[in-house]
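Below is one structure, written out as structure tokens; the observations come after it.
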Amino acid sequence: MSAANYYDNHYDEDAYWPEEEPAWFAGDGYGVAAPRPGLVINPLLLVAAALIIFVGFSVLVEWVSAGGDDAAPAGVGGLLIPAGTPQVQPLPQSAADAFAAPYDEYWVTQGLHGAAYGHMAIDVAAGQGTPIKSPIAGAITARYTDGVGNPVLVIENAVYRVTLLHGIYTANVGDQVALGQVVGEESNIGYTTDMQGRLCSGRDCGYHTHLNVFDKRLNSNVNPLDLLNR
3 MSAANYYDNH YDEDAYWPEE EPAWFAGDGY GVAAPRPGLV INPLLLVAAA LIIFVGFSVL
63 VEWVSAGGDD AAPAGVGGLL IPAGTPQVQP LPQSAADAFA APYDEYWVTQ GLHGAAYGHM
123 AIDVAAGQGT PIKSPIAGAI TARYTDGVGN PVLVIENAVY RVTLLHGIYT ANVGDQVALG
183 QVVGEESNIG YTTDMQGRLC SGRDCGYHTH LNVFDKRLNS NVNPLDLLNR
């Protein structure tokens with residue numbers, strides 16, 4: 003604010019100086035007992051003092067906004083002094099998007115199948131009793147036996163819903179599992195067959211894990227081999 007504007011807005015000359023000025027004291031019937039004016043302050047001094055206060059306050063605000071003294075800790079003297087803005091670091095690949103095979107070593111016993119009935123899955127095997135690991139980090143949302151006797155385990159996170167079949171599962175609904183955490187072991191329970199297509203129920207054959215992956219971003223099933231090979 004300029005000195006002129008400050009003067010116009012904050013100093014009313016008529017409020018301090020009546021029109022009579024000195025003659026008002028000498029000739030208004032008071033005689034020798036006429037009152038004397040008090041201390042007279044030059045109005046320009048008031049304007050100058052106000053400008054000094056205004057400029058000083060502006061400098062203080064700029065200093066605080068800039069972070070103040072770098073050596074002073076935030077909050078000194080009751081003032082909250084903001085620190086410098088931290089650098090934003092690139093985020094690693096989302097943990098929810100990470101995907102791994104259910105075994106350390108395995109072979110694919112049947113390629114992509116099930117598209118005809120809207121499922122899409124592969125069959126992988128590592129041998130009877132091999133620990134089955136969670137392909138994703140997430141939560142166990144379902145564990146049940148379906149209509150043909152297949153044990154089913156469903157693991158979900160924000161990105162994928164993974165369905166596993168035929169294993170002896172040890173994880174329970176509500177469990178939070180990490181990527182690669184053991185959730186059961188390989189078996190042949192349910193509708194499994196040998197190489198000739200004969201049912202393995204009660205027989206020593208057909209051990210594998212049926213693996214289905216649903217991508218929530220695409221709202222569709224995806225080929226698990228694409229995720230394993232990326």
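Throughout, the working numbering is defined as the position within the sequence shown, counted from one, plus 2.
Note that CB positions come from ideal geometry on N, CA and C, so glycine has one too.
Best match in the options for proximity to residue i [C-alpha to C-alpha]
{"i": "residue 205", "options": "175, 187 and 195", "result": "195"}
{"i": "residue 225", "options": "96, 106, 114 and 107", "result": "114"}
{"i": "residue 297", "options": "98, 108 and 97", "result": "Because residue 297 is not part of the residues shown, which for the chain are 3 to 232, the question remains open."}
{"i": "residue 137", "options": "129, 106, 207 and 152", "result": "106"}
{"i": "residue 96", "options": "149, 162, 122 and 148", "result": "162"}
CB of residue i within 9 Å of CB of residue j, strictly
{"i": "residue 167", "j": "residue 192", "result": "yes"}
{"i": "residue 139", "j": "residue 103", "result": "no"}
{"i": "residue 190", "j": "residue 145", "result": "no"}
{"i": "residue 120", "j": "residue 221", "result": "no"}
{"i": "residue 160", "j": "residue 98", "result": "yes"}
Residues of its chain near residue i, where Cβ-Cβ distance is below 6 Å and the 5 sequence neighbours each way are ignored
{"i": "residue 219", "result": "none"}
{"i": "residue 210", "result": "111, 125 and 127"}
{"i": "residue 197", "result": "none"}
{"i": "residue 216", "result": "163 and 223"}
{"i": "residue 229", "result": "101"}
{"i": "residue 147", "result": "153"}
Per-residue burial, residue i [other beta carbons within 10 Å of its own, 16 or more giving buried]
{"i": "residue 117", "result": "exposed"}
{"i": "residue 232", "result": "exposed"}
{"i": "residue 151", "result": "exposed"}
{"i": "residue 184", "result": "exposed"}
{"i": "residue 149", "result": "exposed"}
{"i": "residue 208", "result": "buried"}
7 Å CB neighbourhood of residue i in its chain, flanking five on each side removed
{"i": "residue 187", "result": "131, 132, 133, 134, 169 and 170"}
{"i": "residue 112", "result": "124 and 125"}
{"i": "residue 165", "result": "154, 156 and 214"}
{"i": "residue 158", "result": "140, 141 and 143"}
{"i": "residue 24", "result": "Its pLDDT being 40, under 50, residue 24 is placed unreliably in this model, and the value from its coordinates should be taken loosely. So the list is empty, once near-sequence residues are dropped."}
{"i": "residue 1", "result": "Residue numbering for the chain in the displayed model covers 3 to 232; residue 1 lies beyond these limits and cannot be assessed."}
{"i": "residue 178", "result": "141"}
Which of helix, strand or coil DSSP assigns to residue i
{"i": "residue 227", "result": "helix"}
{"i": "residue 100", "result": "coil"}
{"i": "residue 117", "result": "helix"}
{"i": "residue 172", "result": "coil"}
{"i": "residue 110", "result": "strand"}
{"i": "residue 209", "result": "coil"}
{"i": "residue 137", "result": "coil"}
{"i": "residue 124", "result": "strand"}
{"i": "residue 161", "result": "coil"}
{"i": "residue 178", "result": "strand"}
{"i": "residue 166", "result": "strand"}
{"i": "residue 146", "result": "strand"}
{"i": "residue 190", "result": "coil"}
Proximity test, residue i beta-carbon vs the ligand ADP heavy atom, cut-off 8 Å
{"i": "residue 121", "result": "Summarising the ligand content, the structure contains no ligands, and the ligand ADP is consequently not present."}
Residues near residue i by beta carbon distance below 8 Å, same chain, minus five either side
{"i": "residue 182", "result": "102, 135 and 136"}
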